[in-house]
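Asks:
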């Protein structure tokens, strides 16, 4: 096995803000010269509408811009650099061929309002992707409009609400398990629903009786996540759906954790009515430092009349944008969705095919269970069941030596890994949520296991090493209290703060 | 399969270490009746070469704003993006990084967002900006909701000259909360009718929402609209669909706006058939705790080094849950980075020069089209780079169809959005349209008008 | 730290100190310790009418936010404006300079529903959440 040490060689710079690099008169752009009469602006627009130069806007050369952002990039960690085991984020490899596909002028330079007859290829891609997503979910249709997972949740809940309105009563409450992601209750609240929590059972699954205890004719539905945020399959999902349906409610499923389900399980057959996908998780579109994502929703036929407009339809051999949908909830954003991410996800699905997708799910699950089995002795495992794509540990063992999840996470950086998700789900105290994905090789997983085992040993023998972590990155233990108490959210002109702090690191 | 390194042999080793015989044992807790039987009905896997051939084939006959002469705007704009933008955002450290929750190893993303927040404030004239929303329409809806939360009032006034799709998004977002929307019509000059606007604002009005330049390309009297809102204690929300205009026009922050949202696509992001885009969202410092979306703040580490972190997170969904200011989780990170790089490259001079080019080229086109036989300018209010043309002799769709066959995308027909303007279309001219193209358009229209 | 005698306590970790016909309200040492460094506190305006155990504001740390509940019904007559600039007073001196509001006690009988210092200490010992 190769020696995996985190290098500290190479020049990494202290780079100031771009505004502190500004020198009056420097330029980095090249615009075409004017080939039309150069009228004074005040002759074309009343003077009162005109502004002076923008004070403080950068004036730098092209190389300044390139160096600035290249140096900034050196401070980042990415999947391209190493394992990024954030739970429920599915940090898998972002294939570059998808980037090339999305940049084809026919996709990248298509205007949403250009004639439909001249957009058949783009529309065909959307139509086929919607079909694939519906099929994978074992449902009837899919809307590609939501821009991200939370946006898809909002859309899903709006669909459910519209369904109930069509039956005469929007209802007032939504059930949300205590293990749910924070966007779940937030999305329900935006739809005007009161959130009723449901406790997770002792085996880490939601139990039908717990749901039955709070289910009534005033509950619009339940928001499930399956597999849930503990990485466990909701064993009673069929029963839960039955309890909710029996009183006329609907079942929404957060599909953030779909990676182990593709080609393996039929979400629609479980009783789920609407499922939100994250193309930037399951289908490899890049996270980009926090977006753009894409959050399509797959749904059953009874919810189709309420889909946002337009819906891409096929009439004979022609694709078209159908706006004639009188029961639609309207629009959750302008235009059709994050089309560029649809191109990438489509390319990914076409690259893997049915066999590849199944293997993706299977390998993700094998990788996660392998980690779980090897780390079981060293870290506290609150739910000792086979997991799916992710596993959740806690810091209960290390806490006895006053070493906590945060310290473990920071110390992992010194070993060259991005930390897993920490302190989520809330139902596990000091949670460490680890999702390797199918992109990681066995050797990488072994290195990660070795690192975590060494850290567990350090927690026993040298806890201070963890309290001082991380040592290797350029900055360490940033003062978040100061940032919140004295918010400094933008640059203003004035003397530049030296970026280097109290001396070299 | 090149994306999945573990071979069958690797998997067998791991399964043995887990203590099971096959991967099926790991799925045993899934009820049989919900298991997929056989294969998903999807097309078989494509090699890399075949994939690209298929993708090219899909769009071989499609139009795009490069291979056609395009005068399409209406919320999605064909602008110059410096070449370096693409090269920089494709760096793996930016492309494949996640949300910067672990600040020590995401300072690149965090500092870039802090710079983005600053640039948005400078462009819009506001005090504080977030790390971006999904796009212009939902950003506007969130701004209206924020005004509702801040004032506790149940009614909003929205100008009809706001982008029709943005108004539809507002309706969708507000419907479940029962907030009432009053729309205010436009006047003869193409801007919002201020008299009717003032009449529509009451003590129940949470905000007035206008767009400038508006959907017709007309520059609105933003200061007057803001004053109308403030007169009754409401907030002024201003949307900007074409932010290149901010290189030349007085920013909403200097005209009384309390919240400014914009569609940021014009800076560095391809038109891409409607997305991914990004929403600017900026407001006054006093409202910062009510603002949705992520925020990056400057701080120091334990050695006094300047650094950046996500801050004021308690507003957000992962902490506040149902009491959050919004449910938004992702921002549009890479799109915001592209906009940041583009704005830095354009710089103080370039952002103004680009705006001037747009203004002048559009004025040139406007002047010529005003004189084209069978056509007239529908509104006489001041415009930036878009304007409405009325077709007096032939149906608009016929004209646009004929020109499309000549590889010209002459404009956006307005019938779908404003039935009373069914004889009109919206023309956009940017720095990307050469004079010959504009002359060609005028000639083609004049020929058939 | 012992919980001061002479104060009354709620199950949500607020304390109230009766001063004549008024009551001074804050959060306990346990509460500020659980929260961590306080970065912001949202307080009501003077004149606001509150019912017993109605939420009157919220206290924020970097990673958490907690609603604040009023121990008794009454009108808010004073608000600690020092907390705007120095929210850390809540951590440093939760029973003194970290006080939050003063309410005019409408019904003194409501105080009997609250815990004494000993009862609160036992409550905490039993693993109160």
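Protein chains in written order, with our numbering: chain A, 744 to 1248; chain B, 48 to 496; chain C, 32 to 160.
Don't be surprised by glycine CBs; every beta carbon is placed ideally from N, CA and C.
#1: Apart from the five residues on each side of it in sequence, which residues of its chain come closer than 7 Å, Cβ to Cβ, to residue 1134(A)?
#2: Is there contact here, the region 375-389 of chain B with the region 154-171 of chain B, by at least three beta-carbon pairs under 8 Å?
#3: Going by Cα to Cα distance, which pick from 58(B), 118(B) and 102(B) is closest to residue 458(B)?
#4: When the Cα atoms are used, what is the spatial distance from residue 115(B) to residue 475(B)?
#5: Pick from 107(C), 87(C) and 72(C): whose alpha carbon is nearest that of residue 122(C)?
#6: Indicate whether at least one CB of chain A lies closer than 7 Å to the CB of residue 289(B).
#7: Here's the rule I'm using: 16 or more other beta-carbon atoms within 10 Å means buried, otherwise exposed. How should residue 158(C) be labelled?
#8: Please tell me whether, using a cut-off of 6 Å, the distance from the CB of residue 465(B) to the nearest non-hydrogen atom of the ligand MN is below it.
#9: Judging by CA-CA distance, which residue of 1030(A), 1013(A) and 1014(A) is the nearest neighbour of residue 1021(A)?
#10: So residue 1083(A) and residue 153(B) are in contact, right, with Cβ under 8 Å, and what is the actual spacing, rounded?
#11: Measure the alpha-carbon distance for residue 1132(A) versus residue 311(B) and round it to whole angstroms.
#12: Determine the direct distance from the alpha carbon of residue 313(B) to that of residue 1209(A), and round the result to whole angstroms.
#13: Which partner residues does residue 1063(A) have in the DSSP bridge list?
#14: Do we get a CB-CB distance below 7 Å when we pair residue 1223(A) with the residues of chain C?
#15: Touching or not, the region 923-941 of chain A and the region 1010-1027 of chain A, by the rule of three or more beta carbon pairs under 8 Å?
#16: So, is the C-beta of residue 1211(A) closer than 7 Å to a C-beta in chain B?
#17: By alpha-carbon positions, which one of 76(B), 209(B) and 396(B) ends up nearest to residue 765(A)?
#18: Whether or not the region 823-830 of chain A and the region 452-472 of chain B are in contact is what I'm after, with contact meaning three or more pairs of Cβ atoms, one per stretch, closer than 8 Å; do they touch?
#19: Any chance the region 90-98 of chain B sits against the region 433-445 of chain B, with 3 or more Cβ pairs inside 8 Å?
#20: Using a cut-off of 7 Å between C-beta atoms, extract the partners of residue 102(C) located in chain A.
#21: Would you check if the distance between the CB atom of residue 772(A) and the CB atom of residue 393(B) is smaller than 7 Å?
#22: Would you check if the region 334-351 of chain B and the region 126-133 of chain B touch, i.e. whether three or more CB-CB distances between them fall below 8 Å?
#23: Determine the chain A residues that contact residue 118(C) at a beta-carbon separation under 7 Å, and present them in chain order.
#24: Quick one, which of 1051(A), 947(A) and 812(A) has its alpha-carbon nearest residue 1075(A)'s?
#25: Give me the subset of the region 66-94 of chain C whose CB atoms are less than 9 Å from a CB atom of chain A, sorted by chain position.
#26: Using beta-carbon positions only, say whether residue 1218(A) and residue 344(B) come within less than 7 Å of one another.
#27: Whose Cβ in chain B lies nearer than 7 Å to the Cβ of residue 785(A)?
#28: I need the straight-line Cα distance from residue 1237(A) to residue 423(B), nearest angstrom please.
#29: Could you name the residues of the same chain whose beta carbon sits closer than 7 Å to that of residue 961(A), not counting the 5 residues immediately before and after it, in chain order?
#30: So the alpha helix (DSSP H) residue 140(B) belongs to, where does it begin and stop?
#31: Given 8 Å as the limit, is there contact between the region 247-259 of chain B and the region 321-337 of chain B, that is, 3 or more CB pairs closer than that?
#32: Tell me the DSSP bridge mates of residue 940(A)?
#33: Looking at the structure shown, is residue 984(A) part of a helix, part of a strand, or coil, going by DSSP?
#34: Ignore the nearest five residues each way along the sequence and tell me which others in residue 1047(A)'s own chain have a CB closer than 7 Å to its CB.
#35: Give a yes or no on whether the minimum CB-CB distance between residue 78(B) and chain A is below 7 Å.
#36: Contact between the region 1179-1186 of chain A and the region 1137-1144 of chain A is defined here as three or more beta-carbon pairs at a separation below 8 Å; is this criterion met?
Replies: Put simply:
#1: Only 974, 1111, 1114, 1115 and 1177 meet the Cβ criterion.
#2: yes
#3: 118(B)
#4: 14 Å
#5: Comparing Cα positions, the closest option is 72(C).
#6: Residue 289(B) is outside the set of residues whose beta carbon lies under 7 Å from a beta carbon in chain A.
#7: exposed
#8: As presented, the structure is devoid of all ligands, the ligand MN included, so that no description of it is given.
#9: 1030(A)
#10: Going by Cβ atoms, the distance from residue 1083(A) to residue 153(B) rounds to 23 Å, so no, they are not a contact pair.
#11: In this model, residue 1132(A) and residue 311(B) are separated by some 36 Å (Cα to Cα).
#12: 46 Å
#13: 1056(A)
#14: With 7 Å as the cut-off, residue 1223(A) counts as an interface residue toward chain C.
#15: no
#16: no
#17: Checking every option, the nearest Cα to that of residue 765(A) belongs to 396(B).
#18: no
#19: no
#20: What residue 102(C) touches in chain A: nothing, since even the nearest Cβ is about 25 Å away.
#21: yes
#22: no
#23: 1228
#24: 1051(A)
#25: 67, 68, 69, 70, 71, 91, 92, 93 and 94
#26: no
#27: Here the premise fails: no neighbours, minimum Cβ distance about 11 Å.
#28: 51 Å
#29: 914, 915 and 916
#30: 139-142
#31: no
#32: 919(A)
#33: helix
#34: 883 and 884.
#35: yes
#36: no
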